[in-house]
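Chains A and B, in that order, are what the protein sequence lines are. Under our numbering, think of the first position of the first sequence as 73, with each following residue one higher. Under our numbering, think of the first position of the second sequence as 1030, with each following residue one higher. Below: the structure, in structure tokens.
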Amino acid sequence: MRKVMLVLLIALLIMPSVFAAGQKGTAATGAKTVTVFGAFVDEEQRRFEEAIKPFEERTGIKVVYEGSKDFETLISVRVEGGNPPDIAGLPQPGLMMNFASQGKLVPMWASLEATIDKNYAPVWKDLGSYEGTPFGVFHRVNAKSFVWYPKKAWARAGYEVPTTWGELVALMDKMVANGHTPWAVGIESGGATGWVGTDWIEDIMLRTAGPEVYDKWVANEIPFNAPEVKEAFEFLGDIWLNPKYVYGGRNTILTTSFGDAQRPMFDNPPKAWMHRQGNFITGFFPDAVQANLEEEVGVFPLPSINPEFGIPVLGGGDQFVVFNDRPEVRQFMEFLATWESGESWAKAGGALFPYLNQDLSAYPNEIERSLAEALVNAKVFRFDASDLMPAQVGAGSFWTGIVDWVNGKPLATMLNDVQRSWPK
Amino acid sequence: MTRVKSKKSNWSLVVNLILLVLVIVWSIPIIGLFISSIRPQDNVLSTGWWTIFGEHSELSLDNYRQVLGGSQYTFVDSAGNTVRASGDNLSRAFINSFTVTIPSVIIPILIASAAAFGFAWMIFPGRKFFFTTVVALLVVPLQIALIPILRDYQSLGLTGSYLGIWLAHTGFGLPLGIYLLYNYISTIPRDVFESAFLDGARPMVVFNRLVLPLSVPAIASLAIFQFLWVWNDLLVALVFLGGTSDVAVLTQRLANMVGSRGQDWHLLTAGAFVAMIVPLAVFFGLQRYFVQGLMAGSVKG
Chain A
73 MRKVMLVLLI ALLIMPSVFA AGQKGTAATG AKTVTVFGAF VDEEQRRFEE
123 AIKPFEERTG IKVVYEGSKD FETLISVRVE GGNPPDIAGL PQPGLMMNFA
173 SQGKLVPMWA SLEATIDKNY APVWKDLGSY EGTPFGVFHR VNAKSFVWYP
223 KKAWARAGYE VPTTWGELVA LMDKMVANGH TPWAVGIESG GATGWVGTDW
273 IEDIMLRTAG PEVYDKWVAN EIPFNAPEVK EAFEFLGDIW LNPKYVYGGR
323 NTILTTSFGD AQRPMFDNPP KAWMHRQGNF ITGFFPDAVQ ANLEEEVGVF
373 PLPSINPEFG IPVLGGGDQF VVFNDRPEVR QFMEFLATWE SGESWAKAGG
423 ALFPYLNQDL SAYPNEIERS LAEALVNAKV FRFDASDLMP AQVGAGSFWT
473 GIVDWVNGKP LATMLNDVQR SWPK
Chain B
1030 MTRVKSKKSN WSLVVNLILL VLVIVWSIPI IGLFISSIRP QDNVLSTGWW
1080 TIFGEHSELS LDNYRQVLGG SQYTFVDSAG NTVRASGDNL SRAFINSFTV
1130 TIPSVIIPIL IASAAAFGFA WMIFPGRKFF FTTVVALLVV PLQIALIPIL
1180 RDYQSLGLTG SYLGIWLAHT GFGLPLGIYL LYNYISTIPR DVFESAFLDG
1230 ARPMVVFNRL VLPLSVPAIA SLAIFQFLWV WNDLLVALVF LGGTSDVAVL
1280 TQRLANMVGS RGQDWHLLTA GAFVAMIVPL AVFFGLQRYF VQGLMAGSVK
1330 G
């Protein structure tokens, strides 16, 4: 025992010096390094790394990306602990505003701002700004206002894509008359259960009340229990709370994971015929469907309700912000603001980009091309409201409110409760 | 007499039945997890694991292949070709985990055993006070220490180094280690020490020749605790070591394996069993000490 301990002790004493030597070795090569910390991992990380290779090859600057599923917690700990990454990809504008108000972020410099003005619609710059100062650069974004359907089964049943809300309701009734269940809905998502419902409400709010009311709602300038919000919930309730319209009824809505919810569409015959979800849902489709996406799946934007507001697009995305101001960090940020940084990722699929000057032919299939087109051409684009609201509501009572409501809590009570939870 | 006996066997039957039910209840999730891990992805996502006994009896080692060999990525390279490649396999993460874990187990054991000996058998001013302080630290959650320590590490240049995380785990593990070993070492009969001191042994000799060999059961059980804790740790490693692929430990790789939106959670089933291998080996290797060690100090001798 003692000898073993002694050997291990000696090994211990040697090991740090070995590692220290190794670290010095890498520093000595003199390659400039930019560290990037973000919330996406695995395959998306690989695609990001591939997409920024042109930059590394051109400049010789090494970009080290670190992704973590616990990003939101870790970034705060690291910033507080004095160990921030050079650049971080923040999924929520609220997080950016927090860091910006604490003075932790480097504001955008003139040349980057000029690139942003040229390459993005103004809404993206606004979303990356705190009190008028721009901080964040959007790269990959997502859009959520889409309805997916099994194309072949629709063709056999003779269903057609609705262009207005009236047509959508008529289609749903036609499906019910044929013995079909129109919607596949699932909102289970662990601790975040409910966000699928908030997306639906936001989409409907944009269509019934319009973007201006939506902005007031996000800022709590109209209360959460305002008639406009109530109306949106009533639209949703007409679909969700009607067991004929949703596969499995209320219980299935609550207990099905958001990612698995689309599965009934691809049973033969389909157990459900439509699914509303963001562009990322294609990654959850069965492999056989993914391999043949264009032939198997159709997609249309959630139809307009009040024609005055057209077809607004709801979405979100990671914004990259700078913590450490160095020339190579600036160079990389300016690269991220150009279409070149997204092109290879767009080709690989599963990602949309907001650049005005992007080449739509880069997207691998007609579906993603049409989504990107809808995103770039949208007259009204709004960021996911639950990501903009204070966390107590946007990542709290709004989510649980949806769950309670589906569970049978009266609408008025639920809305009052959410309003009460709004931080003063 | 026979009545008493039959009463007794009735009773033990009841106890056994209750135990059987408990064992089944506790095992079912693990069995389900294991069965899920050997089913094809589409079946895992669309049906429950119990359907393996009925309509969906297909088996597949694909989950294990992806976990061990790295998941398959498709991406488009700079020349515009679509490439399908395997990600890193787990060997790097295993090495990183061992690099973090082994010193993080040995250092606290060395320090804790010496400290426990001191607290138990050496007389110095403030002994009670210091020991109480150490025991009081048991209730301090390590999470509140993360940011201050990170700041200190930042100024010392220890963030992202293995030395840093060894020290962190050592610090977080010491209170329990000292407490556990103190309870054991203080039960070693006084006579053992008295005869040694009479023979002129100095404290260091007593510690090396007597205390360490006699405390092997307690040290082994502490080693199991500390090993499992460090091996399963995700938070401390993420904060002090970071998650870039050259230092990422096994838990980080497992956590990231499910993908940004959890779309690949079926891989976790196989990943859980792969990650389990090492702790199980350690546990069974040291198990014979474990029960002894758990009883450490429970009966004052």
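Quick reminder that beta carbons are idealized off the backbone N, C-alpha and C, glycines included.
Opening and closing residue of the beta strand (DSSP E) in which residue i lies
| i | result |
| --- | --- |
| residue 390 of chain A | 385-394 |
| residue 1101 of chain B | 1101-1105 |
| residue 135 of chain A | 134-139 |
| residue 1113 of chain B | 1111-1115 |
| residue 369 of chain A | 369-373 |
| residue 498 of chain A | Any question about residue 498 of chain A goes unanswered here, given that chain A covers just 73 to 496. |
| residue 305 of chain A | Premise fails: residue 305 of chain A lies in the alpha helix (DSSP H), 299-312, not in any beta strand (DSSP E). |
| residue 211 of chain A | 209-215 |
Boundaries (first-last residue) of the alpha helix (DSSP H) holding residue i
| i | result |
| --- | --- |
| residue 220 of chain A | Where residue 220 of chain A is concerned, there is no enclosing alpha helix (DSSP H), although the beta strand (DSSP E) it sits in stretches over 218-222. |
| residue 53 of chain A | Examination of residue 53 of chain A is not possible in this model, given that chain A is present from 73 through 496 alone. |
| residue 279 of chain A | 267-280 |
| residue 1072 of chain B | 1070-1075 |
| residue 363 of chain A | 359-363 |
| residue 120 of chain A | 114-123 |
| residue 1180 of chain B | 1175-1185 |
| residue 1209 of chain B | 1191-1214 |
Closer than 9 Å at the beta carbon, the chain A residues around residue i
| i | result |
| --- | --- |
| residue 1285 of chain B | 113, 114, 117, 139, 140 and 141 |
| residue 1183 of chain B | 153, 154 and 155 |
| residue 1179 of chain B | 149, 150, 152, 153, 154 and 155 |
| residue 1100 of chain B | 114 and 115 |
Three-way DSSP call (helix, strand, coil) for residue i in this model
| i | result |
| --- | --- |
| residue 191 of chain A | helix |
| residue 1125 of chain B | helix |
| residue 201 of chain A | strand |
| residue 1263 of chain B | coil |
| residue 1278 of chain B | coil |
| residue 318 of chain A | strand |
| residue 1294 of chain B | coil |
| residue 260 of chain A | strand |
| residue 248 of chain A | helix |
| residue 461 of chain A | coil |
| residue 206 of chain A | strand |
| residue 348 of chain A | strand |
| residue 454 of chain A | strand |
| residue 178 of chain A | strand |
| residue 253 of chain A | coil |
| residue 236 of chain A | strand |
| residue 376 of chain A | strand |
| residue 1244 of chain B | coil |
Amino acids of chain B, ordered along the chain, whose beta-carbon sits closer than 7 Å to that of residue i
| i | result |
| --- | --- |
| residue 332 of chain A | 1074 |
| residue 358 of chain A | 1071 |
| residue 201 of chain A | Within chain B, no residue comes near residue 201 of chain A; the closest Cβ sits about 26 Å away, beyond 7 Å. |
| residue 136 of chain A | 1273 |
Chain A contact residues for residue i, given Cβ-Cβ distances below 8 Å
| i | result |
| --- | --- |
| residue 1288 of chain B | 113, 114, 115, 116 and 355 |
| residue 1175 of chain B | 149 and 153 |
Cross-chain neighbours of residue i in chain A, by beta carbon under 7 Å
| i | result |
| --- | --- |
| residue 1267 of chain B | 140, 142 and 146 |
| residue 1255 of chain B | The premise fails here: residue 1255 of chain B is roughly 14 Å from chain A at the closest Cβ pair, so nothing lies under 7 Å. |
Any non-hydrogen atom of the ligand ZN closer than 8 Å to residue i Cβ
| i | result |
| --- | --- |
| residue 1090 of chain B | Among the components of this structure there are no ligands whatsoever, and the ligand ZN is therefore not found. |
Under 8 Å by beta carbon: chain B residues contacting residue i
| i | result |
| --- | --- |
| residue 419 of chain A | 1105, 1109 and 1111 |
| residue 122 of chain A | 1104, 1105, 1106 and 1107 |
- Message: Under 8 Å: do the segment 308-317 of chain A and the segment 193-210 of chain A share three or more Cβ pairs, one atom per stretch?
- Response: no
- Between the segment 1203-1212 of chain B and the segment 1130-1146 of chain B, do three or more beta carbon pairs fall short of 8 Å? yes
- Query: Okay, do the segment 146-155 of chain A and the segment 1170-1189 of chain B touch, 3+ Cβ pairs below 8 Å being the bar?
  - Reply: yes
- Task: Spell out a yes or no on whether the segment 280-296 of chain A and the segment 211-224 of chain A are touching, meaning 3 or more CB-CB pairs, one atom from each, closer than 8 Å.
- Result: no
- Task: Could you say if the segment 418-428 of chain A and the segment 175-194 of chain A meet the contact criterion of at least three C-beta pairs nearer than 8 Å?
- Result: yes
- Taking three-plus beta-carbon pairs below 8 Å as touching, is the segment 138-145 of chain A in contact with the segment 356-367 of chain A? no
- Decide if the segment 235-244 of chain A is in contact with the segment 370-377 of chain A; the criterion is three or more beta carbon pairs, one per stretch, under 8 Å apart. yes
- Message: With three or more beta-carbon pairs closer than 8 Å as the criterion, would you say the segment 1059-1074 of chain B touches the segment 1039-1046 of chain B?
- Response: no
- Item | Touching by the beta-carbon criterion (3+ pairs, under 8 Å), the segment 283-301 of chain A and the segment 320-327 of chain A | no
- Query: Does the count of Cβ pairs from the segment 1186-1200 of chain B and the segment 1261-1268 of chain B closer than 8 Å reach three?
  - Reply: yes
- In chain order, each beta strand (DSSP E) run of at least 3 residues that lies wholly inside the segment 420-444 of chain A: none
- Message: Does the segment 200-208 of chain A come into contact with the segment 171-186 of chain A, if we say contact requires no fewer than three beta-carbon pairs (one atom in each stretch) closer than 8 Å?
- Response: yes
- Report yes or no: do the segment 1289-1307 of chain B and the segment 1087-1097 of chain B share at least 3 C-beta pairs separated by less than 8 Å? yes
- Inter-stretch contact (C-beta, 8 Å, three-pair minimum) for the segment 112-132 of chain A and the segment 1098-1113 of chain B: yes
- Determine contact between the segment 302-311 of chain A and the segment 175-185 of chain A, defined as no fewer than three beta-carbon pairs at a distance below 8 Å. no
- Task: Take every Cβ of the segment 1159-1167 of chain B, pair it with every Cβ of the segment 1228-1236 of chain B, and state whether three or more of those distances are shorter than 8 Å.
- Result: no
- Using 8 Å as the threshold, is the segment 386-400 of chain A in touch with the segment 157-165 of chain A, meaning 3 or more CB pairs across them? yes
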